[in-house]
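Here's the structure, in structure tokens; my notes come after.
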Amino acid sequence: MYWADRIAKEIIKSKKYKPYWIDDMKTPSGRVHVGSLRGVLIHDLIYKALLSKGEKATFSYVIDDHDPMDGLPVYLDRKKYLPHMGKPLNTVPSPQPGFSSYAEYFAKEFIEVFNSLGARPKIIWTSKLYESGKMDESIRAVLDKAQT
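Residue numbers (this note's numbering): 1085 to 1232.
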């Protein structure tokens, strides 16, 4: 038995986790190392194994574009990008024209790679979650429970 089929079978047998939602995420802080494909491809294979067993499942990939810029890749213009340190990546200018932000540029580069390998998860941008208010209740709950 193929390992992804075995995992899917264990998930189904557990009778937990319904509806099945396979999820992965990445902060688009620069060019993505080939090793980052491991997670998205493993999750894609488990998702496809669940589907092959007739199960309903969702596979999403979260682009955490609201994370702050906390490092400066050596291949970027230091003078141009240093003033953006600490700002959300979705507000930092793209290194190339045609993209709305730094985050979009690097995320789309990675998405294109895993799409070309057959992994096509639903893409979720964290900036859109924050802008839509979908995070408000969770943020409020965390802040309410925070010790002062």
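Even glycine gets a Cβ: it sits at the ideal position worked out from N, Cα and C. This structure is a prediction, so every number in the text was calculated from the model and none was measured.
When we look at the beta-carbon of residue i and count the other beta-carbons within 10 Å, is it buried (16 or more) or exposed?
| i | result |
| --- | --- |
| S1211 | buried |
| H1127 | buried |
| N1199 | exposed |
| P1112 | buried |
| A1187 | buried |
| D1108 | buried |
| Y1159 | exposed |
| A1225 | exposed |
At the level of alpha carbons, what is the spacing between residue i and residue j?
| i | j | result |
| --- | --- | --- |
| Q1231 | W1087 | 44 Å |
| R1115 | A1092 | 32 Å |
| S1222 | L1201 | 34 Å |
| L1134 | E1094 | 10 Å |
| G1138 | L1121 | 26 Å |
| A1191 | L1173 | 11 Å |
| F1194 | I1106 | 18 Å |
| S1185 | K1097 | 43 Å |
| A1141 | K1164 | 43 Å |
| R1162 | G1155 | 11 Å |
| D1089 | D1220 | 37 Å |
| P1179 | Y1189 | 7 Å |
Can a CB atom of chain D be found closer than 8 Å to the CB of residue i?
| i | result |
| --- | --- |
| S1098 | You won't find chain D in this structure, because it holds only one protein chain. |
Sort out for me which residues DSSP pairs residue i with in a bridge.
| i | result |
| --- | --- |
| M1109 | V1146 |
| A1141 | Y1104 |
- Query: Within the chosen definition, does the stretch 1147-1159 reach the stretch 1201-1210 through at least 3 CB pairs nearer than 8 Å?
  - Reply: yes
- In chain order, which beta strand (DSSP E) runs of at least 3 residues are fully inside the stretch 1153-1215? 1206-1209
- Task: Indicate whether the contact test is met: 3 or more Cβ pairs, each with one atom in the stretch 1131-1145 and one in the stretch 1168-1186, closer than 8 Å.
- Result: no
- Mind listing, in chain order, the continuous alpha helix (DSSP H) runs of no fewer than 4 residues lying wholly within the stretch 1090-1136? 1121-1136
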